[in-house]
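Engineer: First the structure, which I've put down as structure tokens, then a few questions once you've had a look.
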Amino acid sequence: MQSIAAPARAGSRLCARCGERKAALKRPKTLEQICRECFYVVFEDEIHRTIVDNNLFKAGERVAIGASGGKDSTVLAYVLSELNKRHNYGLDLFLLSIDEGITGYRDDSLETVKRNELQYGLPLKIVSYKDLYDWTMDDIVKAIGLKNNCTFCGVFRRQALDRGAALLKVDKIVTGHNADDIAETVLLNILRGDIARLSRCTFITTGEDGPIPRCKPFKYTYEKEIVMYAYFKKLDYFSTECIYSPNAYRGFAREFIKDLERMRPRAILDIITSGENFRISTTTRMPEQGTCERCGYICSQKLCKACVLLDGLNRGLPKLGIGRSAKGGAGADGNGERQGKRPERNRSSLQGKHGNLDF
Amino acid sequence: MHLTLEFGGGLDLLLEKSTKVHQVDVQPKDDEGKATMKGLLSWVKSNLIKERPEMFIKGDSVRPGVLVLINDCDWELCGGLDAELEDKDVVVFISTLHGG
Ligand SMILES: [Zn+2]
Ligand SMILES: [Zn+2]
Ligand SMILES: [Zn+2]
């Protein structure tokens with residue numbers, strides 16, 4: 001079987017960058033075939049360039065890395081602490097994790113984050129739904145069942161990250177959202193006619209008007225490369241799906257993106273570029289930003305989404321704030337009418353439907 | 360031939376007892392009788408996957424978003440489905456679709 005005429009075996013081609021070592025992967029972004037060592041260099045350099053070109057950080061800043069124990073945030077924590085040392089960013093880095101209170105899922109992934117704390121020497125802060133809201137996700141699911149629980153999870157997590165960041169007194173939060181995630185969110189926002197989010201979701205930094213801006217150093221980094229990097233570097237990450245119902249709609253968008261990527265890997269960057277270049281017509285009314293009367297969190301209603309949801313839970317009316325009943329049809333009226341036409345209560349539900357978007 | 364198969368990124372959950380590493384002796388033949396990845400995938404599907412095969416296979420290939428490495432080399436460099444396998448090869452499957 002070992003004939004000389006055999007087709008090119010695994011690893012028999014040379015790296016397009018150094019021309020010395022055997023190629024180990026094909027980059028989705030450039031289709032270049034490069035070796036492992038060159039891959040580390042270009043992967044890290046591109047993230048460094050993204051950070052520098054977009055002025056993501058200033059020397060002396062305290063930065064919290066939103067750490068779930070999953071692949072993206074694990075690689076982000078590793079790479080950012082390397083780059084911080086290598087290029088003297090002068091950042092104080094922290095790991096910030098949210099404990100949603102999901103037995104068998106989050107407690108396991110938090111163990112991963114605790115190992116990362118030691119491996120990367122980054123101080124870890126964990127804030128829990130139980131402490132912040134007095135409800136765990138397990139409690140919430142018991143109260144409301146498996147439907148809609150991701151709305152609670154997403155809204156609470158977003159706010160919990162801000163609360164944790166405030167406790168850490170950081171200047172910025174970084175999250176592991178990658179190019180695939182952002183392309184997927186662009187598509188979802190188009191599908192939902194959510195113009196406000198569509199214009200925001202490709203920004204590399206968001207919330208600059210609020211107390212703690214968030215940024216996404218992996219905005220141009222492909223998921224494939226993040227996973228390859230984690231694999232080659234043997235980074236320790238957790239990869240189990242949340243045991244509570246995933247967002248099916250998002251799942252379809254993800255699958256579609258992955259199919260496109262297989263045919264034409266650049267599609268992911270092209271979707272991001274399209275998202276970046278959308279211009280909102282001046283006749284589209286955008287929600288005004290204010291703060292929640294009860295907790296002071298930024299929102300465009302009297303009460304923020306988390307407070308509305310919490311209210312419902314505590315009053316035994318967990319459907320409050322979840323949005324229209326299923327028969328209303330998610331796509332039927334998901335656009336346009338934002339201000340004025342609907343009573344306050346309904347408007348707030350419109351805002352946050354499919355609320356587990358992290359953007 | 361003897362192969363080492365490794366399942367990561369949550370794919371292990373689709374297998375019996377969620378075992379990550381499998382030492383197997385197989386003759387993964389494709390339609391033309393060659394020992395290719397295509398043949399191996401159909402063998403894995405019928406012999407190792409215990410639940411939700413759609414998380415692993417789509418059509419006659421892996422589901423997009425599942426990475427494959429043959430001896431630590433991206434299978435896209437070795438011919439993908441047509442990559443020929445040899446004795447003692449190590450094939451790794453990693454799902455990128457779980458969690459962030
Ligand atoms: Zn090289
Ligand atoms: Zn969830
Ligand atoms: Zn509030």
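In the order they appear, the protein sequences are chains X and C. Be aware that the first sequence starts at 1, since it is given in the numbering used here, and climbs by one per residue. Be aware that the second sequence starts at 360, since it is given in the numbering used here, and climbs by one per residue. Every residue, glycine too, gets a C-beta built ideally from N, C-alpha and C. Fair warning: this is a prediction, and the values are worked out from it, not measured in the lab.
With DSSP collapsed to three states, give me the class of X:L80.
Structural biologist: Walking along the first sequence from the start, residue 80 of chain X turns up at place 80. DSSP, read as helix, strand or coil, puts X:L80 in helix.
Engineer: Do the segment 12-30 of chain X and the segment 61-69 of chain X meet, that is, are 3 or more Cβ pairs less than 8 Å apart?
Structural biologist: Touching, no.
Engineer: Return the chain-ordered list of same chain residues with a C-beta closer than 8 Å to the C-beta of C:E413, the five sequence neighbours on each side being excluded.
Structural biologist: For this step, residue 413 of chain C is matched to residue 54 along the second sequence. Within the same chain, C:E413 has close Cβ partners R422.
Engineer: Which residues in the same chain as X:H48 place their Cβ atom closer than 7 Å to its Cβ, once the five residues preceding and following it in sequence are excluded?
Structural biologist: Within the first sequence, the letter at position 48 stands for residue 48 of chain X. Cβ within range, chain order: L83 and H87.
Engineer: In the DSSP assignment, find the alpha helix (DSSP H) that holds X:K114 and state where it starts and stops.
Structural biologist: Here the question's residue 114 of chain X lines up with position 114 in the first sequence. Unbroken alpha helix (DSSP H) run through X:K114: R106 to Y120.
Engineer: Just to confirm, does X:E32 get its C-beta within under 7 Å of one of the non-hydrogen atoms of ligand 1?
Structural biologist: Here residue 32 of chain X is taken as the residue at index 32 of the first sequence, counted from 1. For X:E32, the shortest separation between its Cβ and any heavy atom of ligand 1 does not lie below 7 Å.
Engineer: Which same chain residues, not among the five before or five after X:Y133, have their C-beta less than 7 Å away from its C-beta?
Structural biologist: As a first step, residue 133 of chain X is located in the first sequence; it is residue number 133 there, counting from the start. Once the five neighbours on either side are set aside, the close Cβ partners of X:Y133 are F156 and L310.
Engineer: By a C-beta neighbour count over all protein chains shown, 10 Å radius and 16 as the cutoff for buried, is X:D53 buried or exposed?
Structural biologist: One-based indexing of the first sequence puts residue 53 of chain X at position 53. With fewer than 16 Cβ atoms within 10 Å of its Cβ, X:D53 is classed as exposed.
Engineer: According to DSSP, simplified to helix, strand and coil, what is C:V380?
Structural biologist: The residue labelled residue 380 of chain C in the question sits at position 21 within the second sequence. Three-state DSSP puts C:V380 in a strand.
Engineer: Below 8 Å on the Cβ atoms is my contact criterion, and I expect X:A160 with X:V127 to pass it. Report the Cβ-Cβ distance as a whole number of Å.
Structural biologist: For the purposes of this step, residue 160 of chain X is taken as residue 160 along the first sequence, with counting starting at 1. For the purposes of this step, residue 127 of chain X is taken as residue 127 along the first sequence, with counting starting at 1. Between X:V127 and X:A160 the Cβ distance is about 5 Å, and since that is below 8 Å, they are a contact.
Engineer: With H, G and I counted as helix, E and B as strand and the rest as coil, what does DSSP make of X:D99?
Structural biologist: Within the first sequence, numbered from 1, the residue matching residue 99 of chain X stands at position 99. DSSP places X:D99 in strand when its eight states are reduced to three.
Engineer: For ligand 3, which residues have a Cβ under 6 Å from at least one heavy atom, in chain order?
Structural biologist: X:C292, X:R294, X:C295, X:Y297, X:L303, X:C304, X:A306 and X:C307
Engineer: Quick one: does C:T455 have its CB under 8 Å from some CB of chain X?
Structural biologist: Within the second sequence, the letter at position 96 stands for residue 455 of chain C. Chain X contact via Cβ: present.
Engineer: Curious, which full-length alpha helix (DSSP H) runs of at least 4 residues does the segment 163-244 of chain X contain?
Structural biologist: 179-192, 195-200 and 223-232
Engineer: In chain order, what residues of the same chain have a beta carbon less than 6 Å from the beta carbon of C:D428, not counting five sequence neighbours either side?
Structural biologist: Sequence index remark: in the second sequence, residue 428 of chain C carries index 69 (1-based). Here the sequence assigns Leu to residue 428 of chain C, which means Asp is not the residue at that position. Excluding sequence neighbours, C:L428 sits near V451.
Engineer: Beta carbon of X:R17: closer than 7 Å to some heavy atom of ligand 1?
Structural biologist: Position 17 of the first sequence holds residue 17 of chain X. Yes; taking the cut-off as 7 Å, the Cβ of X:R17 has a heavy atom of ligand 1 nearer than that.
Engineer: Taking 8 Å as the limit between beta carbons, can you name the residues of its chain near X:I257, skipping five residues before and five after?
Structural biologist: To locate residue 257 of chain X, count along the first sequence from 1; it is residue 257. Correct list, in chain order: D180, A183, E184, L187, A267, I268 and I271.
Engineer: With a threshold of 8 Å between beta-carbons, can C:G418 be considered close to chain X, or not?
Structural biologist: The sequence position of residue 418 of chain C within the second sequence is 59, counting from 1. C:G418 does not count as touching chain X.
Engineer: To the nearest angstrom, how far is it from the Cα of X:G334 to the Cα of X:A248?
Structural biologist: As a working mapping, residue 334 of chain X is identified with position 334 in the first sequence. As a working mapping, residue 248 of chain X is identified with position 248 in the first sequence. With a pLDDT of 36 at X:G334, under the threshold of 50, the modelled position of this residue cannot be trusted, and the question is left open.
Engineer: Considering only heavy atoms of ligand 1, does any lie closer than 7 Å to the CB of X:C35?
Structural biologist: Locating residue 35 of chain X in the first sequence gives position 35, counting from the first residue. Here the distance from the Cβ of X:C35 to the nearest heavy atom of ligand 1 is below 7 Å.
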